[in-house]
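Residue numbering for the sequence shown follows the numbering used here, starting at -16 and increasing by one per position. Some notes on the structure that comes next.
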Amino acid sequence: FFFLVGLEIKREFVEGELSSRSQVILPAVAALGGMVMPALIYVAINWGNELALQGWAIPAATDIAFAVGIVTLLGSRVPASLKVFLMAVAIMDDLGAIVVIAIFYTQQLSGLMLGLALALIVLLALLNRMGVARVDVYVALGLVLWLVVLKSGIHATLAGVATALCVPMRDKKGNSPLEALEHGLHPWVAFVILPMFAFANAGVSLQGMSLAALADPITLGIVCGLVLGKALGVFGTAWVFIQLGWAKPPAQASWGALFGVCVLCGIGFTMSLF
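Right, here's the structure in full:
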């Protein structure tokens, strides 16, 4: 899943909708605001509870699959520019969430394994610079990198993203090894990997639960963070940058439509569970 996310991020930044600076600014700052505001709301609601405060990052991540899926169901009623904006925010949000997991939810570090991981990343980057286009080479080294990163103490999700960023966008003939790999992985991730993850991690026992549990500070922090924090953080940051002239608004999109897409950013699942 994270390897595929990394491939999507690289494609968008190299040849996609985020290949120019003007296209990147608005979703980048909106994604940042959409991570900070939910975390602040969660912390405010759970202030004073040291254990509960450890969950501050739970409402900070948007689920790409659900958010983009809903926009797709709405069809032509959502301007294409807003679909691109949502995808860009969700991708950057995912990247930010991966960094948060690696930095704040990692316990013990191994210097030796971190060194080996860095060496493997340098090797992958050199292969890219040398024009090596065989994806099996990158996948094989990526698997070794995943094992080393896992043993280093850092969350192994970073290995998938780092490997993906080293896969060549184009070979000498103009073909795209990255896009071929991306298209090949999509059905496996959508129909095998994500369902396995959902079944393994999303099972929540409701035994002994009551309506009073909905008023628990942790529950309120997550709900308010996702529903209010995401909408306010993404839309508020975007509004400020557009009003100040620091970013261009999405084409042919009203403020109401933009706010609606920002509300969809409040759907959290995969990264929140991690």
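For every residue, glycine included, the Cβ atom is placed at its ideal position computed from N, Cα and C.
Nearest-angstrom Cβ-Cβ length linking residue 10 and residue 75, presumed shorter than 8 Å: 6 Å
How about residue -13 and residue 168: do their beta carbons lie closer than 8 Å? yes
N- and C-terminal bounds of the alpha helix (DSSP H) containing residue 51: 47 to 57
Got a sec? Which residues, its chain only, sit under 7 Å from residue 338 by beta carbon, not counting five neighbours each side? Outside the displayed span of the chain (-16 to 257) sits residue 338, for which this structure offers no information.
Looking only at its chain, what residues have a beta carbon closer than 6 Å to the beta carbon of residue 232, apart from the 5 residues adjacent to it on each side? 225
Chain-order list of residues whose beta-carbon lies under 8 Å from that of residue 38 (same chain, five-residue window excluded): 25, 29, 201, 204, 205
Buried versus exposed, by CB contacts within 10 Å (16 or more), residue 228: exposed
I need the DSSP call for residue 242, collapsed to helix, strand or coil. helix
Status (buried if at least 16 other CB within 10 Å, exposed otherwise) for residue 21: buried
Identify, in the order they occur along the chain, each residue of the same chain with its Cβ nearer than 8 Å to the Cβ of residue 219, setting aside the five sequence neighbours on each side. 16, 20
Suppose the cutoff is 7 Å on Cβ atoms and the five residues either side in sequence are ignored; what does the same chain contact list for residue 81 look like? -15, 140, 141, 144
Beta-carbon proximity of residue 120 to residue 130, cut-off 8 Å: no
Leaving out five residues before and five after residue 5 in sequence, what residues of the same chain have Cβ atoms less than 7 Å from its Cβ? 231
Starting from residue 111, trace the alpha helix (DSSP H) in both directions and tell me its first and last residue. 94 to 112
6 Å Cβ shell around residue 61 - same chain, five flanking residues per side excluded: 54
Measure from the alpha carbon of residue 73 to the alpha carbon of each residue in 134, -9, 158, then state which is nearest. -9
Classify residue 179 as buried or exposed, calling it buried when 16 or more other Cβ atoms lie within 10 Å of its own Cβ. exposed
Helix, strand or coil: which one does DSSP assign to residue 233? coil
Assess, as a yes-or-no matter, whether the segment 238 to 247 is touched by the segment 62 to 72 under the definition of 3 or more beta carbon pairs within less than 8 Å. yes
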